[in-house]
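*Asks:* Below is one structure. I have some questions about it.
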Amino acid sequence: MDANEILKMELERATGLVESLGLFALKMLLTLNAGATVVLLALLGSVIKEGAGFPVHVPQLQGAMLLFLTGIAYVALAIVVTYITAQRKVEIWPDQPDTSLRMHLVLMILPAFLSFCCFAWGFYRATYAFG
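Under the working numbering, think of the first position of the sequence shown as 30, with each following residue one higher.
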């Protein structure tokens, strides 16, 4: 086994690790935003049905819900872009180097980052709805 084969094997192993971590990140973001949406739906249902024993600013909660749903949409967009990029690399031009790798990385990472920002902003808004 020469140095090039070892380097190729290590690169394949590292690529698999990066793919696994990326998939884990997308699953985490989807779970965070979807879980927050379910919790807010249950809370809003309870507040509307029975009333709250404390002041609740419902429009603030609705804004938080919209942010969580937007976060879910961004995760879906990241998954679609990742799938299209993988298909393009495997099926269309498998032997040619991808000259637009940076653009594809930005298009894959930016929606995931925006999804996390939506979760953080929605959490902030939901927290300040009580008071």
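A virtual CB, placed ideally from N, CA and C, is assigned to each residue, including glycine.
Please read these numbers as outputs of a predicted model, since none were measured by experiment.
1. Looking only at C-alpha atoms, which of I101, L50, L55 and R131 sits nearest to T66?
2. Return the chain-ordered list of same chain residues with a C-beta closer than 8 Å to the C-beta of L106, the five sequence neighbours on each side being excluded.
3. Are the Cβ atoms of L58 and A155 separated by less than 8 Å?
4. Between G80, E39, D31 and V109, which lies nearest to L134 when the distance is taken from Cα to Cα?
5. Just mark F97 as buried or exposed, buried being the case when its beta carbon has 16 or more other beta carbons within 10 Å.
6. Considering only their Cβ atoms, is the gap separating M137 from T114 smaller than 8 Å?
7. Where DSSP assigns a beta bridge to F159, which residues make up the other side?
8. Taking all protein chains shown into account, do 16 or more other C-beta atoms lie within 10 angstroms of the C-beta of G151, making it buried, or fewer, making it exposed?
9. Compute the Euclidean distance between the alpha carbons of V104 and P84, then round it to the nearest angstrom.
10. What does the alpha-carbon distance come out to for the pair A32 and E39?
*Replies:* If we stick to the structure as given:
1. I101
2. P140
3. no
4. V109
5. buried
6. yes
7. V85
8. buried
9. 33 Å
10. 11 Å
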